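Visitor: Convert by adding 3 to the 1-based position in the sequence shown; the result is the number in the working numbering.
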Amino acid sequence: MSLRVVFMGTPSFACPTLSEIVGQGHEVVACYTREPAPAGRGMALRQSPVHAMAERFGIPVMTPKTLKTPEAAAAFAAHEADVAVVVAYGKILPAAILAAPTLGCLNLHGSLLPRWRGAAPIQRAVMAGDTETGVMVMRMEEGLDTGPVAMAETIPIGPDMTAGEVHDRLMLLGADLMARALAALSRGALGFRPQPEEGVTYAHKIDKAEARIDWTKPASDIHNLVRGLTPFPGAFFEADWGQGMTRVKVLRSARAEGRGEPGAILDGHGTIACGAGAIRLAEVQRAGKGAVSAAEFLRGAGWRIGGTLA
């Protein structure tokens, strides 16, 4: 049985789920997403990825600045939805919105709840060195990712996997998971279980200050930082080519052998000493330039073994 669905999402992570719901034959009566925002050098208004996809499907798109007004609640209720599906929407849903769909609001969350509730679960899992993560379908409550869980899928996080790679795997896995959840919901067969009370952690939004590499930290922590912030916003250090400090993003790193003063360049292949151990900078990107290997970067910068990165 097909369902009347209101879809709520914003980034590319949500797009495969929207596509899968449409493909399964459900009636998506409206799509809620973030309003277009200025982007690029010209600062032209740019639609969210979900907005663009919804328009291609011919789905009415709503971009309210808030859902907390009586008018917003009335407009939402007027869709007469069976269920709302929420995937990285970016706004808190007030009680009136949560109560409107007949069968409730289902959220696709990119972690193994109750670990990493909040805004940046994929990045935080990689930054923390977690060895596994997953996606879960949960019924939404007023609390932050506190609702009971219906279904889950788990994947390993390899020692060199980046947040971007984890994101792409969970994005597709989550779309299939939500499709199966809606199929079960449509026949009254979707069960829920409360989240455990132990093991709660919060995936706070990434602060720009966190992205700066502190070479006094252990190599494992720096490697996890690089992985967790690739591709965005990117872990970085700063360097001076005689024209002031320039930001350099580290796109790929690897654990390496070596020791020395934190930040010391140990060889011509990009091995850098950390507070404990060393890492190799496999791929870096200077501001305004293309990505290059660390060895090429160091040669171009004119740095020698024994120099120190800031």
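The beta-carbon is built from N, C-alpha and C at its ideal position, and this holds for glycine as well. Keep in mind the model is a prediction, meaning the values are calculated, not measured.
#1: Pick helix, strand or coil for His207, following the three-state DSSP scheme.
#2: Looking at C-beta atoms only, is the number of pairs between the stretch 48–66 and the stretch 12–19 that lie closer than 8 Å three or more?
#3: Enumerate in chain order the residues of its own chain whose CB-to-CB distance from Phe10 is below 6 Å, with the five nearest sequence positions on each side excluded.
#4: For Tyr365, which beta-bridge partners are listed by DSSP?
#5: If you run the structure through DSSP and keep just helix, strand and coil, what is Met248?
#6: Determine the direct distance from the alpha carbon of Pro162 to that of Gly132, and round the result to whole angstroms.
#7: Can you tell me whether Glu23 is buried or exposed? The criterion is at least 16 other CB atoms within 10 Å of its CB, across all chains shown.
#8: What residue range does the alpha helix (DSSP H) around Leu48 cover?
#9: Kindly give me the distance between the Cβ atoms of Leu232 and Ala214, rounded to whole angstroms, as I take these residues to be in contact under 8 Å.
#10: Considering His170, what are the terminal residues of the beta strand (DSSP E) in which it resides?
#11: Under the three-state reduction of DSSP, which class applies to Arg255: helix, strand or coil?
#12: Just confirm the distance between the C-beta atoms of Ile160 and Thr134, as a whole number of angstroms; I'd bet it's less than 8 Å.
#13: Does the distance from the CB of Ile282 to the CB of His207 come in under 7 Å?
#14: Report the rounded CA-to-CA distance for Gly107 versus Val86, giving the unit in angstroms.
#15: Nearest-angstrom Cα distance between Phe240 and Thr136?
#16: As a quick exercise: from Ala77, Lys68, Ala84, Gly28, pick the residue whose alpha carbon is nearest that of Phe60.
#17: Are the beta-carbon atoms belonging to Thr219 and Pro265 less than 7 Å from one another?
#18: With DSSP as the reference, label His112 as helix, strand or coil.
#19: Beta-carbon separation of Ile268 and Gly303 under 7 Å?
#20: Expressed to the nearest angstrom, what Euclidean distance is found between the alpha-carbon atoms of Val229 and Met130?
#21: Closer than 8 Å is the cut-off here; do at least three beta carbon pairs connect the stretch 284–300 with the stretch 247–267?
#22: Please look up how many angstroms separate the CB atoms of Ala222 and Ala279, rounded, as I've assumed it's under 8 Å.
#23: Let me know if Arg118 comes out buried or exposed under the rule of 16 or more other beta-carbons within 10 Å of its beta-carbon.
Guide: So, to answer that:
#1: coil
#2: yes
#3: Leu21, Val31, Cys34, Val88
#4: What is shown of the chain runs 4 to 313, which leaves residue 365 out entirely.
#5: strand
#6: 8 Å
#7: buried
#8: No alpha helix (DSSP H) holds Leu48; the beta strand (DSSP E) holding it covers 47–49.
#9: 6 Å
#10: Unbroken run through His170 is the alpha helix (DSSP H), 166–189; no beta strand (DSSP E).
#11: strand
#12: 6 Å
#13: no
#14: 5 Å
#15: 28 Å
#16: Gly28
#17: yes
#18: strand
#19: no
#20: 8 Å
#21: yes
#22: 6 Å
#23: buried
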